[in-house]
Each structure stands twice: as structure tokens, then as C-alpha cells.
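Asker: Just so you know, we're using the working numbering here: the sequence shown kicks off at 698 and counts up by one. All C-beta atoms, glycine included, are put in the ideal place defined by N, C-alpha and C. No experiment lies behind these values; they were computed from the predicted model shown.
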Amino acid sequence: TIPAEATDITISADGQVQVEMPGQTALQVVGQMELSAFANEAGLDPLGSNLFAETSASGTPAVGTPASNGMGSVLQGFLETSNVNAVSEITSLITAQRAYEMNAKIITASDEMMSVTSNLK
């Protein structure tokens with residue numbers, strides 16, 4: 698629990714939570730974060746708001762301290778960004794749409810040519 702009178706909170710890469718208290722120069726350790734890893738992350742049940750629940754498909758969690766035993770580390774003050782480049786994806790979508798339109802025009806032209814050749818007989 699973080700004391701109400703704490704003036705600053707620091708979280709280290711290994712998950713140690715420290716607070717700065719008024720009148721003290723040294724940081725005070727108030728807790729330790731833990732991370733959970735699952736054998737099948739796709740099996741987790743999404744609850745919304747970036748919350749997930751363990752299921753039988755996800756397996757039992759391996760709980761550990763950040764930055765140890767293959768667990769990830771914690772970075773304070775960073776925002777997680779998407780792993781999708783929106784500009785690149787929209788460009789790819791437009792390219793695919795244009796290719797589809799060209800193919801549709803080719804099929805239409807082919808149908809018209811077949812119709813013309815059928816009427817020549």
C-alpha cells in the first residue's frame with residue numbers, strides 16, 4: 698500500500714516499488730511487483746480494460762519477479778504503443794482494393810468480349 702503522504706513513487710525495472718516521504722532523503726520500499734506468464738496467452742479470457750482472466754486453456758501462471766527467470770521488465774513512465782503501423786496497413790489496404798478493382802474490370806471486359814464473340818456466330 699502506498700502511503701497517502703508519499704510525495705513521489707518510483708518503480709524499478711525489477712518491480713520494486715519505492716516512495717519518497719516528506720522529510721526523508723532515502724526512498725522507502727513499500728512493495729514488490731510480480732509478473733505472471735502463461736503457457737498459452739491466447740487462452741486467457743479478456744475481461745476488458747486490459748484485464749485478462751486465467752482459463753483452463755491458458756494454463757497455470759508462472760509467477761515471478763520482473764527481470765528474472767525470463768520474465769519481462771517493468772518500465773516506469775513509458776506508454777505501450779501498438780505493434781501495428783496504421784499508415785502501412787492503410788497503404789496495403791488501398792493497394793489491395795485497387796488490385797481488386799482492376800481484376801473486377803478485367804473480368805467485366807472478358808465477359809463483354811465473350812458476349813461479343815457469342816453474338817458473331
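1) Within the segment 710-734, note down every full beta strand (DSSP E) run reaching 3 residues or more, in order along the chain.
2) Starting from isoleucine 708, follow its DSSP beta bridges and name the residues at the other end.
3) Do glycine 712 and glutamate 738 have their CB atoms nearer than 8 Å?
4) Which same chain residues end up closer than 7 Å to glutamate 702 when comparing Cβ atoms and leaving out the 5 residues on each side of it in sequence?
5) By the DSSP assignment, the beta strand (DSSP E) with valine 784 in it spans what residues?
6) For the putative contact between methionine 768 and alanine 734, defined by C-beta atoms under 8 Å, what is the C-beta separation to the nearest angstrom?
7) Name the one or two DSSP bridge partners that phenylalanine 850 has.
8) Hey, could you find the ends of the beta strand (DSSP E) valine 760 is sitting in?
9) Closest to methionine 753 by CA distance: which of Asn747, Pro763, Gly761, Asp742 is it?
Answerer: Let's see:
1) Listed in chain order, the complete beta strand (DSSP E) runs (minimum 3 residues) inside the segment 710-734 are 713-717, 725-729, 732-734.
2) Here residue 708 corresponds to residue number 11 of the sequence shown, with the count starting at 1. BP columns for isoleucine 708 point to Val714.
3) Residue 712 sits at position 15 when you count from the first residue of the sequence shown. Residue 738 sits at position 41 when you count from the first residue of the sequence shown. No. Outside cutoff.
4) Position 5 of the sequence shown, counting from 1, holds the residue named residue 702. Correct list, in chain order: Met718, Pro719.
5) As a position in the sequence shown, residue 784 is number 87, starting the count at 1. DSSP places valine 784 in no beta strand (DSSP E) but in the uninterrupted alpha helix (DSSP H) bounded by 783-817.
6) To locate residue 768, count along the sequence shown from 1; it is residue 71. To locate residue 734, count along the sequence shown from 1; it is residue 37. Taking 8 Å as the upper bound for CB-CB distance, methionine 768 and alanine 734 are in contact here, some 6 Å apart.
7) Here the chain covers residues 698 to 818 and nothing more, so residue 850 does not appear.
8) The residue given as residue 760 occupies position 63 in the sequence shown. Run containing valine 760: 759-761, per the beta strand (DSSP E) assignment.
9) Numbered from 1 along the sequence shown, position 56 holds the residue referred to as residue 753. The question names methionine, but residue 753 is serine in the sequence shown. Serine 753 has its Cα closest to that of Asp742, out of Asn747, Pro763, Gly761, Asp742.
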